[in-house]
Amino acid sequence: MPSPAVVIGVDSSTQSTKAAFIDAGTGEQLAVGRAPHVVTGEGGARESDPETWWRALGDAVAAGLKESGLPARAVTGIAVAGQQHGLVVLDGAGRPLRP
């Protein structure tokens with residue numbers, strides 16, 4: 001039996017990245033992968049390394065694929081939503097300045 005066409009909805013929030021695997025034909029949620037973000041800071045300030053967001057995306061998608069049992073080729077689309085108040089300041093070479 002062929003795999004259904006799947007879309008992944010990604011939410012990268014302040015605490016974690018979640019990847020929901022949805023059957024594009026029926027709208028059924030097939031799996032959800034999650035990966036936490038490391039957040040540091042003192043005195044009300046909070047930071048996280050943008051590189052951890054990238055790793056969390058890969059981890060969340062891998063976890064969702066594993067849970068669903070589907071091949072990666074079944075994924076036909078990806079939609080991404082990010083945290084509302086995120087800011088990444090870059091240097092002249094495009095690398096994050098903090099943390």
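One point on numbering: in our numbering, the residue at position 30 of the sequence shown is 30, and numbering is uninterrupted.
For every residue, glycine included, the Cβ atom is placed at its ideal position computed from N, Cα and C.
Taking the alpha-carbon of residue i as reference, which of the options has the nearest alpha-carbon?
i: A19; options: W54, V88, A45 and R46; result: W54
i: G94; options: P50, L70 and G77; result: P50
i: T26; options: H37, V89, A60 and V6; result: V6
i: V38; options: G44, A45, T52 and E28; result: T52
In chain order, what residues of the same chain lie with their CB nearer than 6 Å to the CB of residue i, ignoring the 5 residues before and after it?
i: G40; result: Note on identity: in this sequence residue 40 is Thr, with Gly being the wrong assignment. Closer than 6 Å at the Cβ level, and outside the excluded window around T40, lie E47.
i: D11; result: K18 and A81
i: P36; result: S16
i: L57; result: T17
i: A74; result: S3 and V6
i: Q83; result: S13 and T14
Following the continuous alpha helix (DSSP H) through residue i, name the residue where it begins and the one where it ends.
i: T52; result: P50 to S68
Note the first and the last residue of the continuous beta strand (DSSP E) segment covering residue i.
i: S16; result: S16 to D23
i: P36; result: Q29 to P36
i: A81; result: V75 to G82
Excluding sequence positions up to five away, which residues of its chain have a Cβ less than 8 Å from the Cβ of residue i?
i: I8; result: A19, A20, F21, I22, V61, G64, V75, G77, I78 and A79
i: E28; result: I22
i: A108; result: In the structure displayed, the chain extends from 1 to 99; residue 108 sits before or after that span and is not available.
If I'm right that residue i touches residue j with Cβ under 8 Å, what's the distance once you round it to whole angstroms?
i: P96; j: L87; result: Contact doesn't hold; Cβ gap of about 10 Å is too wide.
Compare the C-beta of residue i with all C-beta atoms of chain B and state if any pair is closer than 8 Å.
i: V32; result: Included in the structure is just one protein chain, with no chain B present.
Please determine if the segment 30–38 and the segment 52–64 are in contact, where contact requires at least 3 C-beta pairs separated by less than 8 Å. When Cβ pairs closer than 8 Å are counted between the two stretches, the segment 30–38 is seen to touch the segment 52–64, the count reaching three or more.
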